[in-house]
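Accompanying notes for the structure given below.
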Amino acid sequence: MTDFLNYLVLGLTRGSMYALIALGYTLVYGVLQLINFAHSEVFMSGAFGSYLIVGMFVHDGQHLAWWQVTLVMFLGLLSGALVGAAVAWGLERVAYRPLRRRGAPKLAFLISAIGMSFFLSQLAGKLFNRLSQNQFPSYFDQNKAVFTIPGSGATVSRIQLIVIVSAVIMMVFLDRLVSGTKLGRSIRGVAEDAPTAALMGIDIDKTISRTFIIGGALGGAAGFLFGTTFVFSNIMGFIPGVKAFAAAVLGGIGNIRGAMIGGLLLGVVENLVPTFPWNGSGGWIGLQWTDVVAFVVLVLVLVFRPTGILGERLGRAA
Amino acid sequence: MRTRTLVNVAAMSAVGALALTACSNSTGGGGLSSSAGGGGGGTTYTVAFEGPLSGDNAQLGINEVNGVQLAIDQANAKKDLGFTVKLLKADDGGDASKAPAAAAQVLQDATVMGVVGPSFSGASKAVGKIYGAANLTIVNPSASNGTLQTLGFPTWHRVVPNDYAEGPAVADWMAKKFKKVFVVNDLSDYGAGVAGAVEKELKAKGVTVQTAGVDAKTTDYGAISQTVKQSGAQAMFYGGYDAQGALFAKALTAVGFPGARVAGNGVKSSVFTTGAGAAGNGWYFSCGCQDATVAPSAKDFTAAYTAKFNTPPSTYSPEAFDATNILLAAIKAAKAAGTVDRKSVNDQVSKTDFAGITGQIKFGPDGDLPAGTGTVNLYTQKDGKIISLGDVSKAS
Amino acid sequence: MSAVIAEPTAPDTAQRDVVFDVRNITLRFGGVTSINDVSLQMYRDEILAVIGPNGAGKTSLFNSLTGVYTPQEGTITLAGRPGDAPRSVIGEKTHVINHMGVARTFQNIRLFPALTALENVKVGVETRMKAGPLSAMLGLPYQRREERESTERAYELLTLVGLRSRANELAGSLAYGEQRRLEIARALGTNPGVILLDEPAAGTNPAEKRDLADLIRLVNREHNISVLLIEHDMKLVMSVADRLVVLNFGSKIAEGLPEEIQKNPAVIAAYLGTSAEEAAGEVETQPELHTIADDTANMTSLDDAGATTQEETP
Amino acid sequence: MSASVQRRPGESILSNPLVGRALGCLALSFVLALMIGKQEGTQQDFGLAFRQAVLGPRILWFLLIGVLVFVLLTFWPRVQPYLNRPGIRPLAVGGLTVVVAYALLKWTDSTAVSDGKFGTLSDAASQTGTLAPLARTFFTAPLPWVLFLVAFAVGAAAVVIRRAVLSWVGAAIAVLAGVWAWYSHSLVQSLLGSPDHSTGALVALLGFLTIAAACAATALSAEESANTRGFINGVFAWRPGMPLVGVALLLGLAGFAIATWFSPGNRNATLVDTASMFSTTGLSPLSKAYLGWLGYVLFALSLALAAYAAYRRDARLGWGAAGLGLVSLVLNLVALHDISAVGASTAYDGATGAWQNLGTGGWLACATFLLLAGAGYIVATAGSERGTIARTKADIAAGIGKIPGKSKALILFVLAGALFYPPMATPFWQKVLVSEIGIYVLLAIGLNVVVGWAGLLDLGFIAFYAIGSYTTAYFVGALPIQPPEWMRLSPLLCIPIAIIICLIAGVSLGAPTLRLRGDYLAIVTLGFGEIIRIVAVNNPGNFTNGPRGAFGIPQPEIHLGPIHIDWGQASLQYWYLLLVIVGLVILAFNRLEQSRLGRAWAAIREDEVAAQATGVNTTRVKLLAFAIGASTSGVAGVFFASQIGYINPDNFVLNNSILVVAYVVFGGMGSLPGAMAGAAVLTWLPEFLKDQVPAEDRQMWIGAVILLMMIFRPAGLIPAKRRAAELHGLDEPSSAETTAVAANEGMGATK
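Protein chains in written order, with this note's numbering: chain D, 1 to 318; chain V, 1 to 396; chain F, 1 to 314; chain C, 1 to 751.
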C-alpha cells in the first residue's frame, strides 16, 4: 500500500505537469483544430525564462524561509508563464497567422510548427547552452517530506506538493476563465463555430492570439515546475511534449477537462502500470516499457472511445 | 572508393612549391599560412574528429572536439613537431546512419592522417571498415562497447577501457560486499553493455540481481528510485552517463534509498559531481583509468582547457586530448622514419606507448587496451570531490 | 414542356415491386428524436419525393437509408436493383449499401473538388471494377481495359448531364448548377437501382431547375432508376414526383399523390407551424407556401438570386 | 515576422500598421542578431551569449537590416510596378546566384586553401606571383565584387529607365565578369593541379550569364510587364526538343573542349591531352579513335542531327538523332572505361582502377549525348502527345494547355543529372547521396502515398523502415537469433520479404486504428513508431540485440550466371542501384496515382463521407495506402541496412518520422516530384550548411527554412495538381470536419 501510494504521488506529480502542457495543446486544438507542435518549445522557453529571472534573486546553497520559498515559487511561475505566453504569442504570429491568411492546408500548419520547434529549441541551445542538464539553484530542501499519508508510510515531499498544488490552482483558474469570463466565452464560441462567432462580433484573430497566450502561460509555468523538479535544457520539451499531446488526445483533444484528466491519468499510468504489483519485484512489465505502456493505454482508450475519455469540443467542457 | 592518398600527397607538395600564399594576413587561413615557404615546417597534416556536433548528443562531441582542439593548439604553439596540424571536424550527429558520410568527408581530405572518434559505438561500427579500407588510423576516445575490438577493423584503436574490462572487476568487488544488487541501465549502447557485464558477473558470483532500464532521455527518475528502494537491494549499479547519473542520484536520495550506489566510468565526471551535489556523495565509480583530476599533467590540462573554453573539461575531454596527442606523436614518428602517409601513421599508432593524462596507453593487437594493462580503479565521491580508492580488486 | 410529363398513374400498391421498405424506424441523437416511427414504401421505377419543413428529419431519413446512421428501432429492407431479394440495410456500411444499388447526392454538394469532373464520375464508375493496385502498378492489359471502359462510361454520363465539354475542369471550379449535375452523374456512375437526391435544386436558377427536372425524369424513365427526392422547391416536386411523403418533426404526416398533398391541410399547417385555418392568411408572405397553395408562385428568395431574366411561366 | 506586417489595419493590438511593421522589422533584426550571434555558453555564464548577441555595437548592423526591410516594405507600392518589368526576375536570380557563388560555395577542393571559398582563394591567388596577371587582377580584393555590383547596378538601372544602350552595357559587363571569373579560376586550378569538384566558378559564370540575359531581355522586350513563365513556355514550345539541344551544346562544349577527362596524380588532362597521353598505350583502337577524332565527330553529328530534326519537326529524323545519341553515349562510356582501366593497369601516375580518376569531361559528354538522344525522342513523339495542347501563342504565354515535350524535357534534365552528376561529385557528396538523400527520397515517396494521396497523417512511418532493416538483419543472419540455414538470404533477396512483412505490419497497424480520424490517427501512429523502437531497444527474446544493434549485414551482391555484381563499400554503385529502385517505384506509383485506387485515395482525402456514399470501400482503400506506403519504407530499410552494414535502434527515432512528414509537406503533399524534391532539398541542406554555419546551428537554420517555406509557399516546392484545388483554407470541409457536418445533416438542419 505504501509503495502504491508512493508511485501514485510520483504519478500525480508527473501527471500534473503533463496536464498543464496538455492544456496548451487542447486549447489551440479547440480553436484551430490544429496540433501545435511547437508547444513543447513554449514549455522549454518557460523554463529558460524563469531560470533567468529566478536566478537573479536566489543562488545555490541558500536556505530560504518557507514564505520566501513561496514567493520565489510564485515569481518562477509568473515569469515562466509570462515568457511562455510571449513565445506562444510570437509563435502564433509567425507560424500560424500568415498561413491562415493564405488558407494553407492543414498539414502546412503542422510543418510550420515543426519548423518553429526546431528553430526555437536550437536557438535556445545556441544562446544559452546545449547542456542536457541545467539546474535551478537549490534554495530549499525539495525532498523533505511534508506529510505522511495517513495509514501508510507514503510521504509527499515539498516539491511534489508544490507541483501538484500549483497545477491544480492553475487548472481551476483556467476552468473558471473559460467558463465564466467574456474571453472564455469568445474562446468557446470560436471553438464551436468560428464563422458564426465572427458574425456575433467576436474578433477571431484576437481570440486565437489570446488562446495561444493562455496555453503558453500554462506551458511556461509547467516549464518552471519541470525545471525546478528535475532539470532543464533546450531539448527538454520534446518528450514531455509528445506525452502531453498523447494526454490531450487521451482525454479528448479540444476538451479542457479532458486534458487535465488525460494528463493526470497518463502520469499515474506511467508510474503504476510498469511497476505493478508494487511488491519489490521491480514490476511485471518493467520500467523500460514505460512508454510502450503509455501508448498502449492510449490506443486501447481510443479503440473503445475514438474521441478520447471525455470526447471533443472545447465548448462543452465548461 | 576513390583512394587518392598518394595522388593527393603529391598534389600537396606541388601546392607547397607553388607557394600559393606568400604572406596572406587573412584570418582563418590556416591552410594558407602553413603552405608558405614550401619547406621546413611547412607541411600541414590534418587530424580529423568525427562525432556528434549537432543533435541531442552534441554535448559529448563538443567535450571531445574541445580536447582535440586543445591538443592541436598546444602542439602548434610549441612548434616542435616539424609540421603544422589542422583540425577537421566531421559531424555525424552521433548517428550511425550519418557516420559514413562524415567518414567520406574525412577521407576525401588527403592531408588527414588520423581520426579521433567516432564518439559512439554505433557510429564506430558503421565506419570502421571504411576507414580500415583507406588505411586511416582511428584512435577512439569514447566508444567503449566491449565488442568493437572483435569486429576486425584493421586501423582501429581505443584509449578507453571497454565495458567488459570494467564491468566484471567492479562486479567482483560488489559481490564481496552485497548479496542483493539492483542493476539499472540507460538503454544506451554503453550503458546496456556495462550493466550487462556487471549483471552477468554478479550472477556468476551468486548474487541476487534485479534489473531495469530507464531511457537516457528521461528526466524523471522517481519511479525507478522508488523501485530500487522497494526491492530491498543492498546496492545499486548504474550503467549510463554522468548527467543522467546525477539526476538518478538526486532521485535516489529523495526517496531515501539506503543502499550503496555504484556506477561505471560514464558517470565519473565533474558533470556528475556538480549535478548531483550532496546526493552524489558516497557514490562509487569503477574506472579503468588514472585519476585525471589529480595527476599533475592532468591538472595542467584542466587549467588550459578551462582557460580556453571557459568551462571545465567534461566527459571524455581528457581521452580525446590523449587520443590526439597519440596521433600527433605517431605522425611525428612517421616523419622521422621517412614517409608520412596514412599507412605509416597507422603503423606508428599501433606501436604507441604513451603516457597520457588518463594513464599509460599501449594498444594490443586488436587495437584495444590490453585487459591486463588497465587496472580498474575504484573511486568514490566524498564532499563533492571524486577521490581514488585504488585498485578495485584490492579495495575493501 | 409539361406536355412531356406522363400523368402519374395511381399506384397499384399490391402489385408493385418494393425498393425500400421502411418500417417503424426511430432515430435519436441523445435526447432528440430525429425520426419518430416512420414507415414508408418506395416502389420500383417511381419518383418519390420526401418533403417537409426544415428539421423535419428528411436528411436523417436519407442517412438512415444509406447507412450513415443506424436507427435505434425499426427495419429497412432494400431490393436495390430489379430482381434483387430484399435485404436489411440496418447496420450495413455506407459503401456496402451503395454496392447494393443505392446512390445518393448531398444537400450541400460534396464533390471531390480537386479531381476533374471526369475523375469524379470515374470514382463512382470504378467502385464496380476489380483491378487491384498490383495490376495498376504493372499496367496489366486487364487493368487498362477497365480504365478505358470507366473513361468511356464516365464520358457517357457526363454527356447525359450535359457536362461533356467540362470533363477536364476541376470539379471545384464548376458553376453551382453544374456541380449539382455532376453529383448526379457521379451517383449514376455506380450503376444504381435507386438514386437518392437530397435537394438537388437548392441554389439553382429557374432554367437550371427545368433542366434538372428533365434530367430526373430522364434518369427515371429511360434508365429505369427509382428516384427518392428531397426537395424544398414545391414546383419542382410537383412537376416530377409520382408520389409524395411529408415529414414533420420526424413523423410522417401525409403520403399520397401530389395533388392530394397540395390540398392536405395538415401539410399546409406543418409548413406554417400553425393550424390549417391560419395558414391561408400567411400564404402571401411565405414563398414556399406559394408553391403549395398556388402553382404559379415565385421561387424562394435564394433562388431569386440566380434568376435574373427568366421568369417561370408554367 | 515579415508576413505579419502585411496585415490589414485595425485588427491587431498594435492597430497602426506602420507601428506594427516597425516592431516586426525590429523583431526580425533582433532574431537575426541572435541567429548569427555567438555560440552558446555554459551554465556558469548562462545567458552570456545572449547578452553578447544583442548588446554591443554589432546589433546596429542587424538593426540596419531591419530598417532596410522596413523601408522596403513601406515603399513597396512604389517598388512593385518595377517588379513586373521584363528582365527583373532573371536579374534577381542572377544576382542571387553570384552572391551565393561568391559567399557560400567552394571554389576549389584543394586543401591548400583552407575552406576553399571565394574569399580565401582570392586572398591567396591575388598574392601568388606565379599566377598569370590577368587572373591575379581578377582576384584582387574588391574587384570581383565591384564587377558584380556594377553589372547588377547597370542592369537594374536599365530595367528601371529602360535604355537599350544601358542594357547592352550591363550585359557586356556581366559577360566580361563571368568569363573573366571562369577563366581566372581555371588558371588557378591548373596551377593547383589537384582534382577538383568545386562548383563556385561555374555557378558564378551562370549567374553572370543570367544577369547578361536579363539585360538583353530588357533591351529586346517591348512589353511593359514581363511574363517569365510565358517566355519559358515559349522557349519550350518553339521547337520541341530544342531546349535540350541548346543545353547539350553548352555541356558538350564544356566537356569536349575545357573539362578534365583523366586526372591521375596532379594532372588534369583535357580530351586532347588524354588522347595524346594514351596514343602510345594499349588502348583499344575504337577508344583511341574516340579520343582522337570520333568523339568530336559524333558530338557534332548528333548535335546537328538533333537540331535539324527539331527545327524541321521531323519524326523520322528525330528517331535517327535518338539512335545516334544513344550509340555515341555507349561509345563514350566504353572509352571512359577503357582509359581508366588502361590507366590503372599501367599504374599511370597512381591511377587506381576502372571508372576511377575520371574527370568531369567524360561525364559531361555522357550527359550531352543523353540529352541529344532525348531531344531526338521528343521530336519523334511530340506529335502524338495527348491532353489539351496549347495551340496559340497567347495560350502558350498564358500557360494554357500542355506544351508538347516540356515535361519530357524536364524529366530528361533530371535524369541526365541523376545519372551523370554523381560520378563528378566528391566522395563525400556521393556518400550523402546514397546514405541520406536517396534513402529519404524513397521514404518520402512511400509516405506521400499515405499522407499526400490518402490524406492520413502518419507520424510513425519510420517504424516500417525499422521493420525492413531488422528483417534484413535477421535473414542475413546478423542478429543473435539466426534464421535456419535454408532461409538465409542475400540482402537483395530480402526486398520481397521486407515488402511482405511491411505490408502485414502496415495492415495490422491500420486495421484497428483506421476508424480514428485525423489527429487521433497521428498520435496512434506516433505511438506505434515509438513502440517499435522501444521493442528494438529492450530486446525481447534477444531478437534485436538491443541498443548494440546488428552488425555485419553484408553488402548486396548479384550472382546470376555470368553476371557478378558486388556492391562493396563504394557509394556510386549504390547510387545506381538506388536509381533503379526509385525509378521502378516512381513508374509504379505514377500509374497507381492515375488508377482507380489513386482516384479513390483522392476521394477519401477530399471527402470521406461522399466517397463512402459513392461506393468506395474506405477501409480497404486506407489499408492499401498504409500497406503500400509501409512496403516502400521497408524497401528503403533493406537498402539502408545492407548499405551501411550496421543498424541500431537509434536510426529509427521519432524525430526521423517527423522529418519525413516535413519533407513530404515541404516538397508538396500528394505530388511525387514534390515529395522527392522536398526530401532531397531538406537532406541536402544540412550537409550544405556544414560549410556555412556552425554545425550545431544547422537544425536552427533548417527550422527557419521550413518555417519560411510554409509561410510563403504553403503548398510546397512543387505542389500537386490535385492538391492545388484544395487551397481554400480552413473553412473548406476537410476530412476532419466531416463528422461534424454529418451531425448537422442528421439534425435536419437544412439551409
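A virtual CB, placed ideally from N, CA and C, is assigned to each residue, including glycine. This one's a predicted model, so the numbers in the text were calculated from it and none came from an experiment.
Check                                                                                                                       : Outcome
9 angstroms Cβ cutoff, leucine 20/D in contact with chain V                                                                 : no
Residue closest to glycine 275/V, alpha-carbon to alpha-carbon, out of Phe136/D, Arg102/D, Leu23/D and Val178/D             : Phe136/D
Proximity below 9 angstroms, CB of alanine 243/V to CB of leucine 77/D                                                      : no
Integer Cβ distance of valine 247/C from leucine 283/C, believed to fall under 8 angstroms                                  : So it is not a contact: roughly 30 angstroms between Cβ atoms.
Contact with chain C by aspartate 141/D, beta-carbon distance below 9 angstroms                                             : no
Contact set for threonine 2/D: own chain, Cβ-Cβ below 7 angstroms, skip 5 residues either direction                         : Ser152, Gly153 and Ala154
Buried versus exposed call for histidine 564/C [16 or more other C-beta atoms within 10 Å across all chains shown]          : exposed
Three-way DSSP call (helix, strand, coil) for valine 255/V in this model                                                    : helix
Among Ile256/D, Val242/D and Thr229/D, nearest to threonine 211/D - alpha-carbon criterion                                  : Ile256/D
Continuous beta strand (DSSP E) stretch holding histidine 185/C: start and end                                              : Looking at the DSSP string, histidine 185/C is not in any beta strand (DSSP E); the run it does join, the alpha helix (DSSP H), is 164-192.
Pairwise C-alpha distance: methionine 35/C and tryptophan 701/C                                                             : 8 angstroms
Min CB distance lysine 382/V to chain C below 9 angstroms                                                                   : no
Beta-carbon neighbours of glycine 124/F, restricted to chain C and to distances below 8 angstroms                           : Thr614 and Gly615
Bounding residues of the alpha helix (DSSP H) (the contiguous stretch that carries glutamine 122/D)                         : 106-127
At least 3 beta-carbon pairs within less than 8 angstroms: the stretch 476-488 of chain C vs the stretch 598-616 of chain C : no
CB contact below 9 angstroms: threonine 137/V versus chain D                                                                : no
Assigned secondary structure, asparagine 134/D (DSSP; H/G/I helix, E/B strand, else coil)                                   : strand
Counterpart residues of glutamine 381/V in DSSP-defined beta bridges                                                        : Ile386/V
Classification of asparagine 54/F by the beta-carbon crowding that lies within 10 angstroms, buried from 16 upward          : exposed
Distance between aspartate 205/D and glycine 729/C (C-alpha atoms, nearest Å)                                               : Summary for glycine 729/C: the model assigns pLDDT 34, below 50, so the residue's position carries little reliability; its value from the coordinates is reported in the next sentence. Going from the Cα of glycine 729/C to the Cα of aspartate 205/D covers about 15 angstroms.
Chain-ordered chain D contacts of isoleucine 702/C [CB-CB under 7 angstroms]                                                : Phe118
Histidine 63/D in three-state terms, based on DSSP                                                                          : coil
Nearest-angstrom Cβ-Cβ length linking leucine 40/F and serine 64/F, presumed shorter than 8 angstroms                       : That belief does not hold up - the Cβ atoms of leucine 40/F and serine 64/F are roughly 11 angstroms apart, past 8 angstroms.
Entirely enclosed beta strand (DSSP E) segments - the stretch 220-294 of chain V, minimum 3 residues                        : 235-239, 260-263 and 283-287
Three-way DSSP call (helix, strand, coil) for isoleucine 718/C in this model                                                : coil
Glycine 267/D versus alanine 92/C - alpha carbon distance                                                                   : 55 angstroms
Distance between beta carbons of threonine 44/V and phenylalanine 83/V, contact taken as under 8 angstroms                  : 7 angstroms
Buried versus exposed, by CB contacts within 10 Å (16 or more), aspartate 368/V                                             : buried
Outcome for proline 370/V when other beta-carbon atoms lying within 10 angstroms are tallied against a minimum of 16        : exposed
Threonine 618/C: contacting residues in chain F (beta-carbon distance under 9 angstroms)                                    : Lys93, Thr94 and His95
Exposure label - glutamate 152/F; buried when at least 16 CB within 10 Å                                                    : exposed
Glutamate 92/D at chain V interface by Cβ criterion, 9 angstroms                                                            : no
Rounded C-alpha distance that separates isoleucine 331/V from glycine 128/V                                                 : 20 angstroms
Neighbour flag for alanine 742/C against chain D, beta carbons, 9 angstroms                                                 : Note on alanine 742/C: pLDDT 32, under 50, position unreliable in the model; no value is reported.
Distance CB(asparagine 24/F)-CB(glycine 67/F) smaller than 9 angstroms                                                      : no
Complete beta strand (DSSP E) runs within the stretch 259-296 of chain D (minimum length 3 residues, chain order)           : none
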